[in-house]
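Let me begin by presenting the structure, written as C-alpha cells, before commenting on it.
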Amino acid sequence: MYRLLFPETDEQPTLISEHHPLDGSAATLGVTLLDTAPPETLPRRNVIKHRKALEKLTIELPDETGELRYVSLRTFATTRPEFTRNENGVLESTVDDRVLTADDTRGFYIDGDDRSVAPGWRVPVGFANFERIFTNPGIREPMVGIFIWTLVFACLSTVLTFSLGVALATVLQWRHLAFKRLYRLLLILPYAVPSFISILVFRGLFNQNFGEINLIIETLFGGRPDWFTDGTLARTMILVVNVWLGYPYMMLLAMGFLQSVPGEHTEAATLDGAGPVTRFLRITLPQIVPPFVPLLIATFAFNFNNIVLILLLTGGGPDIPGTRIPAGSTDILGSFTYRLAFQDSGQQFGLAGAITLLIFLAVGTLAYLNLMAIRRRSKVGP
Amino acid sequence: MIVEDPRALRRRKWLAHGFLILFIAVLLFPFLMIVSISLRSGNFSTGALIPTDPTLEHWYLAFGLEYTRADGTVVAPRFPVLLWMWNSIKVGTIAATGVLLLSTVAAYAFSRLRFRGRLGLLDALLLIQMFPTTLALVAIYAIFDSLGDVSPALGIDSHWALVLVYLSALTLHVWTIKGYFDNLDPALDEAAIIDGATPWQRFRFVLLPLAVPILAVVFVLAFIGFVNDYPIASILIRSEEQMTLAVGSRLYLNEFQYLWGDFAAAAILSGLPITVVFLIAQRYLVSGLSDGGVKG
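If you read the sequences in order, they're chains S and B. Just so we're aligned: 242 in the working numbering is position 240 of the first sequence, and the numbers increase by one with no gaps anywhere. Just so we're aligned: 130 in the working numbering is position 75 of the second sequence, and the numbers increase by one with no gaps anywhere.
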C-alpha cells in the first residue's frame, strides 16, 4: 500500500492521502493534514514505475476546494477543461467569452475571428493539398529550393563517397603495402558504429561554442565558424559528415570489384610506359564502373531520402527566413515532409502526404533506372 | 612480373603509409574525442585530449547509478539508458527473428517451387525494396494511430507496432537467402525427392541445415538495421520509458538541455556492442552486399 505526500507550500500545509495499492485501479482519495514529521518517500526512479497507476487517481482536497490529477512525474495539480460543449455542439470557453463552432469543410473548430483552433479532425479536401504545393508561393518557393538541394546533396554525397572509397581501396589493394588488414579494419570503423550515434557525436563536435572542431579551427586559423546558423556552412558540414559515414561502404565494394580486374592489363600498360595515375584512370576505373552503376543509383536514392542524417545533425535548420511553413537550408524533401507532419508546425499530415507522393514518383523513376541497370549488368555478366 | 625501381618503390610506400596514417588520424578523431569527453567533469568542459581531472560521473549516470561528487552533491541519472538499450535489443531481436522466419520460407518458395507469377513477384520484391520506409511515415503513423483505437497493443507507443513495421523490411533478405539457396546443388533436392521427401521435409532437413551461415548473416544484418532505425521509432514511440536507443539518445543534445558529457558515456556504452558485432560479422556481409540482389 502507498500513500501520497504533498509537501508544505505557501498555500497549503503538509497533506497526506489515504492508502492505495497503486495497482492501476481508478480511485478518488481523500487527504488529511499531517501533523507529524513527513515520512521517507520513494526515490524518483521508483516513482516512474507507478506512473500509469498514478494517472488513474484523483485527489480530493479537504473542504471540497477542488480536485487534483496527476500531471507530470512528481506533480499533482488542479485541472479543469477549458471548454464545455453546449447542446447544439458549440464549445464555450470556461476562461473567457470565446465561442467555438465546428467547421466541417476545414476540419477545425473556428473561433469568433475565423481562426481555426487545433486539434482538428479529418475531412475530405480533394486535391487541395496538391494545389497548395503548386500554386501557393509560400510553399512552392521553399520547396523548389529544397528540391534542388536534395539533388545536389544526393549527387555530391554519391560522387564524393565513391571517389574517396575507390581511392582508398586502390591504395589498400596495392601489393607492396604492409599492414593491410589493420588499415582495412580501421578504415571501416565509421561503417560499423551505429550511424545515429556518430551523427550525434558530430552534432556535438561541431557545436559553435564548445565543440572540439571549432576549438581546433580557432587555434589554427582564428575565428569560430557558426556551423548551425549559416546555411552554406551547415550544408558543408552535412556533406563532410555524410562522406565520413558513407565512404567505407564504397571502399568495401570497390575492393571486391578491384579483385576482378585482371593484373595483366595493368602490367601491359606499365610496359607501355603508363604511370600509376594513367593506369588507374585508363585501365582500372573503366573496368570497375559498370558493375558499380546499380549500386551508385541505389546510393543516390538512399541519400535522396537520408532523413536520419538531416534530422539528427541539423534538424533541417537553419530556417530559411520569410517562409510560411518551416523550411530549413539543409532540409531535404524527406526531412521537410517529416517536419511538416511530426514536428513544430501543427501536424500537416495532408500536405506532408501530398509531398510524399511527389517524392514517391522521383524514387520510382530511380528504382526503375536501377532495375534496368541491374538487368543490363546481369545480361553482360559481372 | 615487372621489376620496379627500388628507390621509386620505397618513395611510394612512404607516400601510401603517410596518406593512410594521416587519413586514419582524422577518421579516429571523433572516437578519441568522445572517449575523452565522457571522462571530463561537467557537460560543457573543453580541454586536452587526455582529461586533466578525469571523473567517472558520466559513466555512473549512463549505467543508471547515482553519483556522489567530491563536494557531496548527488547527481541522479537523467535518462534510463539501460532501459532504452533493453528496448532496442528486445524490439530488434523479435523483429529480426520474425524477418528471418518469414524470409527463409519465402526464399525457399522462390528458389525451389515453381508457381505462377513467381518471376513477376520477384521483380516486385526488388522494386518494393528500393522504396525507403521513410516515405511511408505519414501513412504508418495514420495506420497505427487508428489501430490503437482498436487494440492499444498495436497503437502508438507500443513496441509491437514497431515490430510489425520492421517486419516489412524483409524484401532484401528474401533476395539474399534466395541467392544462397539457388547456389545449393539441386541434386540434393532430387535425391530427397527420390527418397520420398515432401516439400516441407526438403526445406527443413536438406536446405535449412546447409543455410545456417547465411541465416546468421541475415539475422545480424536485420538486427543492426532495426537497432539503428530512427525515423520509424521516432514517430511511433512517444513516452520516455518505451523509447529505443536511437530515439532516446537524441534527448541528450537539444537547445534546452545540452548533456554533452552524459551523452558521450551513453553513446560509447550503447555503441560499442553493436560495433563489435558488426566488425565480427562484416567479413560475411561484404559478399552479401554486392551480390544479394543481382542473382536472378
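All C-beta atoms in this analysis are idealised placements derived from N, C-alpha and C, irrespective of residue type, glycine included. On a predicted model such as this, the values are computed, not experimentally measured, just so you know.
Problem - Residues that I89 of chain B contacts on chain S, provided the C-beta gap is smaller than 7 Å - result: Within the second sequence, numbered from 1, the residue matching residue 89 of chain B stands at position 34. Simply V203.
Exercise for the section: Keeping to the same chain, check which residues put their C-beta closer than 8 Å to that of D218 of chain B; ignore five residues upstream and five downstream. Expected result: In the second sequence, residue 218 of chain B corresponds to position 163, counting from 1. Reading the sequence as shown, one finds Val at residue 218 of chain B and not Asp. Excluding positions up to five away in sequence, the list reads V146, I149, A150, G153.
Exercise for the section: Go through the region 162-206 of chain B residue by residue and report every complete run of the alpha helix (DSSP H) that reaches 4 residues or more, in order. Expected result: Whole alpha helix (DSSP H) segments, 4+ residues: 173-185, 192-205.
Exercise for the section: Taking all protein chains shown into account, decide if L336 of chain S is buried (16 or more other Cβ within 10 angstroms of its Cβ) or exposed. Expected result: The count along the first sequence starts at 1 and reaches residue 336 of chain S at position 334. For clarity, residue 336 of chain S is Gly in the given sequence; the question names Leu instead. By the neighbour-count criterion, in which 16 or more other beta carbons inside 10 Å mark a residue as buried, G336 of chain S falls on the buried side.
Handout entry: Nearest candidate by alpha-carbon position, reference T30 of chain S, set S:T38, S:I190, S:E20
Key = Within the first sequence, numbered from 1, the residue matching residue 30 of chain S stands at position 28. Distances from the alpha-carbon of T30 of chain S to those of S:T38, S:I190, S:E20 put S:E20 closest.
Exercise for the section: Would you identify the three-state DSSP class for H267 of chain S, choosing helix, strand or coil? Expected result: By 1-based counting over the first sequence, the position of residue 267 of chain S is 265. Of the three classes helix, strand and coil, the one that applies to H267 of chain S here is helix, per DSSP.
Exercise for the section: In the DSSP assignment, find the alpha helix (DSSP H) that holds Y340 of chain S and state where it starts and stops. Expected result: Indexing the first sequence from 1 puts residue 340 of chain S at position 338. It spans 335-344 - the alpha helix (DSSP H) in which Y340 of chain S sits, taken as one unbroken run.
Practice task
Express the C-alpha separation of I292 of chain B and P132 of chain B in angstroms, rounding to a whole number.
Solution key: The count along the second sequence starts at 1 and reaches residue 132 of chain B at position 77. The count along the second sequence starts at 1 and reaches residue 292 of chain B at position 237. Rounded to the nearest angstrom, the gap between the Cα atoms of P132 of chain B and I292 of chain B is 21 Å.
Handout entry: Sub-7 Å separation of A270 of chain S and R281 of chain S beta-carbons
Key = By 1-based counting over the first sequence, the position of residue 270 of chain S is 268. By 1-based counting over the first sequence, the position of residue 281 of chain S is 279. No, the pair does not count as a contact, with Cβ atoms beyond the cut-off.
Practice task
Name, please, each residue of chain S whose Cβ falls closer than 8 Å to the Cβ of L82 of chain B.
Solution key: Against the second sequence, residue 82 of chain B aligns to sequence position 27. In chain order: L188, L189, L191, P192, W246.
Handout entry: Contact set for L344 of chain B: own chain, Cβ-Cβ below 6 Å, skip 5 residues either direction
Key = Working through the second sequence from its first residue, we reach residue 344 of chain B at position 289. Here the model assigns L344 of chain B a pLDDT of 47, short of 50, so the residue's position is not dependable, and the following value carries that caveat. Closer than 6 Å at the Cβ level, and outside the excluded window around L344 of chain B, lies no residue.
Exercise for the section: Find out if the Cβ-Cβ distance for the pair H228 of chain B, S325 of chain B is shorter than 7 Å. Expected result: Here residue 228 of chain B corresponds to residue number 173 of the second sequence, with the count starting at 1. Here residue 325 of chain B corresponds to residue number 270 of the second sequence, with the count starting at 1. Contact flag unset, no.
Practice task
From the DSSP output, in three-state form, read off D1 of chain S for me.
Solution key: Chain S is shown from 3 up to 384; residue 1 of chain S falls before or after that span and cannot be answered.
Practice task
Output the boundary residues of the beta strand (DSSP E) element that contains E84 of chain S.
Solution key: By 1-based counting over the first sequence, the position of residue 84 of chain S is 82. No beta strand (DSSP E) holds E84 of chain S; DSSP gives it neither H nor E.
Problem - Helix, strand or coil at T77 of chain S according to DSSP, with G and I counted as helix - result: Here the question's residue 77 of chain S lines up with position 75 in the first sequence. Note: T77 of chain S maps to strand in three-state DSSP.
Exercise for the section: Determine the chain S residues that contact K233 of chain B at a beta-carbon separation under 8 Å, and present them in chain order. Expected result: Taking the first residue of the second sequence as position 1, residue 233 of chain B is located at position 178. Ordered by position in chain S, no residue passes the 8 Å Cβ test against K233 of chain B, which lies about 14 Å from the chain.
Handout entry: Opening and closing residue of the alpha helix (DSSP H) in which V101 of chain S lies
Key = The residue labelled residue 101 of chain S in the question sits at position 99 within the first sequence. V101 of chain S -> not in any alpha helix (DSSP H); beta strand (DSSP E) instead, spanning 101-105.
Problem - Host alpha helix (DSSP H) of A63 of chain B (start-end) - result: Looking up residue 63 of chain B in the second sequence gives position 8. 61-94 is the span of the alpha helix (DSSP H), which, as asked, contains A63 of chain B.
Handout entry: Own chain, CB closer than 7 Å to K350 of chain B, minus 5 neighbours either side, in chain order
Key = By 1-based counting over the second sequence, the position of residue 350 of chain B is 295. Reliability fails at K350 of chain B, whose pLDDT of 34 lies under 50, so the model's placement of it is uncertain and the value that follows must be treated cautiously. Exclusion of the five residues before and after K350 of chain B leaves G234, D237 as the residues of its chain whose Cβ lies within less than 7 Å of its Cβ.
Problem - Buried/exposed call for N90 of chain S, threshold 16 Cβ in 10 Å - result: Along the first sequence, read from residue 1 onward, the residue named residue 90 of chain S stands at position 88. Counting Cβ neighbours within 10 Å, N90 of chain S comes out exposed, since fewer than 16 surround it.
Practice task
Can you have a look at F311 of chain B and say buried or exposed, based on whether 16 or more other CB atoms are within 10 angstroms of its CB?
Solution key: Position 256 of the second sequence, counted from the start, is the residue given in the question as residue 311 of chain B. Of the other Cβ atoms in all chains shown, fewer than 16 fall within 10 Å of the Cβ of F311 of chain B; this residue is therefore exposed.
Exercise for the section: Report the residue from S:R226, S:P121, S:H22, S:T60 whose alpha carbon sits nearest the alpha carbon of Y4 of chain S. Expected result: Taking the first residue of the first sequence as 1, we reach residue 4 of chain S at position 2. By alpha-carbon distance to Y4 of chain S, the top candidate from S:R226, S:P121, S:H22, S:T60 is S:H22.
Practice task
Give me the Cβ distance between I327 of chain S and L311 of chain S, rounded to the nearest whole Å; I'm assuming they're in contact under 8 Å.
Solution key: As a first step, residue 327 of chain S must be located in the first sequence, where it is residue number 325. As a first step, residue 311 of chain S must be located in the first sequence, where it is residue number 309. I327 of chain S to L311 of chain S, Cβ: 21 Å. No contact.
Exercise for the section: Provide the residue span of the beta strand (DSSP E) that contains V33 of chain S, from first to last. Expected result: In the first sequence, counting from the first residue as 1, residue 33 of chain S sits at position 31. Note, V33 of chain S: beta strand (DSSP E), 29-35.
Handout entry: 7 Å Cβ cutoff met for N142 of chain B and P196 of chain S
Key = As a position in the second sequence, residue 142 of chain B is number 87, starting the count at 1. As a position in the first sequence, residue 196 of chain S is number 194, starting the count at 1. Taking 7 Å as the Cβ cut-off, N142 of chain B and P196 of chain S do not qualify as a contacting pair.
Exercise for the section: Please decide whether H267 of chain S counts as near chain B, where near means a Cβ-Cβ distance under 7 Å. Expected result: As a first step, residue 267 of chain S is located in the first sequence; it is residue number 265 there, counting from the start. With 7 Å as the cut-off, H267 of chain S does not count as an interface residue toward chain B.
Practice task
Please confirm whether D244 of chain B and L116 of chain B have their CB atoms less than 7 Å apart.
Solution key: As a position in the second sequence, residue 244 of chain B is number 189, starting the count at 1. As a position in the second sequence, residue 116 of chain B is number 61, starting the count at 1. No, the Cβ-Cβ distance between D244 of chain B and L116 of chain B is not below 7 Å.
Exercise for the section: Report the residue from B:A242, B:I279, B:S289, B:I89 whose alpha carbon sits nearest the alpha carbon of A319 of chain B. Expected result: Indexing the second sequence from 1 puts residue 319 of chain B at position 264. For A319 of chain B, the nearest C-alpha among the options comes from B:I89.
Practice task
Counting only the same chain and skipping the five closest in sequence on each side, list residues whose C-beta sits under 7 Å from that of A256 of chain S.
Solution key: Stepping through the first sequence from its first residue, residue 256 of chain S is reached at position 254. Short of 7 Å from the beta carbon of A256 of chain S, and not among the five residues preceding or following it, lie these beta carbons of its own chain, in chain order: G167, V168, A171, I290.
Problem - Simplified DSSP assignment, three categories, for E13 of chain S - result: On the first sequence, residue 13 of chain S is found 11 positions in, with the first residue counted as 1. In the three-state DSSP reduction, E13 of chain S falls in the coil class, being neither helix nor strand.
Problem - Of the listed residues B:T226, B:S206, B:A216, nearest to L177 of chain B (C-alpha basis) - result: Sequence index remark: in the second sequence, residue 177 of chain B carries index 122 (1-based). Comparing alpha carbon positions, the residue from B:T226, B:S206, B:A216 closest to L177 of chain B is B:T226.
Problem - DSSP state of H214 of chain B mapped onto helix, strand, coil - result: As a position in the second sequence, residue 214 of chain B is number 159, starting the count at 1. In the displayed model, H214 of chain B falls within a helix according to three-state DSSP.
Problem - Residues of the region 185-197 of chain B with Cβ closer than 9 Å to any Cβ of chain S, in chain order - result: Of all residues in the region 185-197 of chain B, M185, F186, P187, T189, L190, A191, L192, V193, A194, Y196, A197 have a Cβ within less than 9 Å of some Cβ in chain S.
Exercise for the section: Please classify L69 of chain S: does DSSP put it in a helix, a strand, or coil? Expected result: Translated into positions along the first sequence, residue 69 of chain S becomes position 67. Per the sequence shown, the amino acid found at residue 69 of chain S is Glu instead of Leu. Three-state result, E69 of chain S: strand.
Practice task
Could you check what DSSP says for H21 of chain S in three-state terms: helix, strand or coil?
Solution key: Within the first sequence, residue 21 of chain S is the residue found at index 19, counting from 1. DSSP places H21 of chain S in coil when its eight states are reduced to three.
Exercise for the section: Look up V119 of chain S in the DSSP assignment and give the residues it is bridged to. Expected result: As a first step, residue 119 of chain S must be located in the first sequence, where it is residue number 117. Its beta-bridge partners are S:Y111.
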